[in-house]
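Residue numbers (this note's numbering), protein chains in the order written: chain A, 50 to 744; chain B, 93 to 297.
Note that beta-carbon positions come from the ideal geometry of N, C-alpha and C, so glycine has one too.
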Ligand code: HEM
Ligand SMILES: [Cu+2]
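Pasting the structure below:
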């Protein structure tokens, strides 16, 4: 048997870890160094798991669980791990550009291209997506009064598929390297003629496989929201976050297929010599551009809508007011979701359409700004004359308000095809999309973490550390990215390896400084966590309602029990919990308790993750036997599995009663605190509501 | 959301908890089919843009064998017809052998469809109408192949359903699965009608 029968086209030369020893240079030191950091980091985790005897814990409590809350936490953890890589790459890239005057930079141009490609791919698909999917997982069932998702096992499988995608991108760091065509990976540059691989193959399989996971998540969330709401919760009594989650889910269901189709056609071109996007024999790369952005534009709303949901809950809760204009907000969200399917062409105004087509898409794009503007006014009106607590979430909100509006305005400018022709493909674009992604999506996520971390873990995050970190994010963002608007207008192209105009230099230095502040801000998150864990006793809020919350999840202990609610709540209004508190009778107790059935743990998600990772890896490296074995194993597993009754575990009524009554008793023993004491140890999660304005 | 207003009419499960569960699952499957329809729609659209991209190679006149296409259509629709009878006998008679008999008809018919389709693919290969030849042929193979793969997947599913019916009988769980499988099966028919008319008939018209 030949080596290629066993290992495909994989050879020792592909081991990036050894590059620095083979040809020592700064360039290889950076790439090998990154690979070593990843390998050693993974090894350290494995050693720790073994030494601390944590394998059983990891497997039983996390990897095989189907509890939506734990799955949500795992998504967010994955997002943070990948973000560490994304941020590191961002800082290296900024350093690169600060030294790129007249081509003097310290990395090869190829390496630079690989950096912006992995950075973009990682940030969008394996940071932003896991963050929002994690939030939706954690919050949807709790907010609509359900015990779990409609399809708990499918939910776990979605997580497995996301893990597959992330694993493939990480493996590429140590074996063979990633593609160099940006996160959009346009052929023919990424076609087999120009790049035989393995980089574009890694991209294809990590995107396609994780894409299936995202599509199934969307399906699961949408069905859950349509079919599992607590009795009495009509659509217009749903929390706003659930509305944004519903719209995002619908977008996931319809927008992921174009990405899958584009990815698989690209794979057919690369592996079997088809001619979908090649330069010759009738291939047409414009088909790729259209397919990619039919996904790509809805994708930006997939990411931002849940963040809007978080900001909406945040304004209402931390201004202690009912959300102003709930219905307008719902309508705005729905309009955005619908219009977002009709604007994709604005990503390639310059690629040969007629002026009238460009005009049509330009107008459609500008129209999206209207519902978005409605939202900004809704939040402003909610804050107006509220009793605002200027704590960490509100600091993020402030940063979001100011900075996101700038990002939105630059978007409206870009919607005009005539202006777009001038600034497309410049740093102006880089400034624009970071301007909406960071202050919009990422700030929303971090604010959300400050709000819901106490729900998940039973203690608050340290306020001072949180605020300082938030301010670092805001300042760091402004310094890193606002200057890029200016260099963009001065004519500096994006993705370019070098520049000749010394006028860019000052901006580059400011931007580099900003990147280091952002790095510090990222570390600040972990410092905050560390300080909070050390002070967890004085920060404890086990009673579940530290912020005087309005929606159902706050009417549970922190952390909530695996079954969420002792009995499924009966809902009669919007913000049901706030209303109960205002009327002076929160925590309605069940008349009788019943046994609760929960789905049992399963290894399905891990089976999917391991087999699809093997499949993607094998197809990347042409290891045909492994690809066949992985695909066959996957089908066989589900075939056999379908013959077994899916097991449930039963929580006896008496146990439910015991847990619930212990919590109620603790509530009675604890004096409720008002908002003046939100941040001191007296806040144990029992809120004294401000009745005058809570309704 | 009272349960009575939501019960699924297709299965005769009675008004039990299982009814709500079945309702959720069938609805979820509708959503999946919708997403799959978008996938097919996109591949159709790509085929549309590549219909003329023959690059001097074989075109629609060369690859269309109307007799074979007619036969395939009859076989696939026949399979769907058999499946309808399987669903009806499951709902009204609740007899496992009757249901299994119709499932066997559906499966045989679909397997024959796949064989005839495979013969077409072989003929294309021999006349040099391979996907590596042109954009048009790439799109043709991808579109017809994607549908064929769906049918093959459906056959594996049907094999699993047969085994489960043998083992458990027509339980509520199985009824719900057969109902979902039915959605999938009829959906593939509709896609085929699209292929039949837009790819083959329009190609030689
Ligand atoms: C510490 C923060 C960050 C820094 C320093 C940073 C820096 C950069 C740089 C230098 C580029 C290349 C620009 C060029 O083409 O000339 C880039 C591209 C990009 N970044 Fe970031 N970034 C950061 C955070 C993020 C975040 C949070 C996201 C998304 C959630 C993101 C998404 C992207 C995307 C999609 C690209 C485009 C990649 C491509 O050209 O294909 N970045 N970033
Ligand atoms: Cu867009």
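Euclidean distance between Cα positions of residue i and residue j
i, j, result
"residue 132/B", "residue 289/B", "15 Å"
"residue 184/B", "residue 650/A", "36 Å"
"residue 204/B", "residue 194/B", "15 Å"
"residue 117/A", "residue 181/A", "14 Å"
"residue 217/A", "residue 662/A", "7 Å"
"residue 274/A", "residue 607/A", "23 Å"
"residue 71/A", "residue 126/A", "35 Å"
"residue 601/A", "residue 619/A", "10 Å"
"residue 714/A", "residue 604/A", "14 Å"
"residue 364/A", "residue 73/A", "54 Å"
"residue 486/A", "residue 492/A", "9 Å"
"residue 52/A", "residue 320/A", "20 Å"
"residue 683/A", "residue 250/B", "17 Å"
"residue 287/A", "residue 640/A", "25 Å"
"residue 108/A", "residue 102/A", "11 Å"
"residue 551/A", "residue 153/A", "13 Å"
"residue 565/A", "residue 559/A", "10 Å"
"residue 463/A", "residue 610/A", "48 Å"
Residue i, DSSP secondary structure in three states
i, result
"residue 475/A", "strand"
"residue 627/A", "helix"
"residue 201/A", "helix"
"residue 224/A", "strand"
"residue 217/B", "helix"
"residue 129/B", "helix"
"residue 558/A", "helix"
"residue 326/A", "coil"
"residue 279/A", "coil"
"residue 646/A", "strand"
"residue 510/A", "coil"
"residue 64/A", "strand"
"residue 235/A", "coil"
"residue 276/B", "helix"
"residue 589/A", "strand"
"residue 392/A", "coil"
"residue 541/A", "coil"
Residue i burial status per 10 Å Cβ neighbour count (16 or more: buried)
i, result
"residue 171/A", "buried"
"residue 630/A", "buried"
"residue 677/A", "exposed"
"residue 159/B", "exposed"
"residue 670/A", "buried"
"residue 199/B", "buried"
"residue 637/A", "exposed"
"residue 100/A", "exposed"
"residue 599/A", "buried"
"residue 583/A", "exposed"
"residue 333/A", "buried"
"residue 396/A", "buried"
Cutoff 7 Å; reference residue i; Cβ partners in own chain excluding five residues on either side
i, result
"residue 85/A", "66"
"residue 144/A", "561"
"residue 377/A", "423 and 427"
"residue 508/A", "581, 585, 588, 589 and 590"
"residue 262/B", "182, 186, 188 and 191"
"residue 517/A", "573"
Sequence-distant residues of its chain with Cβ nearer than 8 Å to residue i (five each side left out)
i, result
"residue 202/A", "115, 648, 651, 653, 654 and 695"
"residue 93/B", "Confidence at residue 93/B is low in this model, with a pLDDT of 38, below 50, so the placement of that residue should be treated as unreliable; the coordinate-derived value is given next. Taken in chain order, the list of residues that qualify is empty."
"residue 179/B", "102, 270, 271 and 274"
"residue 500/A", "359, 362, 363, 366, 442 and 596"
"residue 716/A", "592, 636 and 735"
Contact set for residue i: own chain, Cβ-Cβ below 6 Å, skip 5 residues either direction
i, result
"residue 459/A", "481"
"residue 523/A", "448"
"residue 190/A", "117 and 197"
"residue 97/B", "In this prediction, residue 97/B has a pLDDT of 48, which is less than 50 and means its spatial position is unreliable; nothing more can be read from the coordinates."
"residue 474/A", "542 and 543"
"residue 137/B", "none"
Any non-hydrogen atom of ligand 3 within 7 Å of residue i CB
i, result
"residue 147/B", "As far as ligands go, the structure on display features ligand 1 and ligand 2 and does not contain ligand 3."
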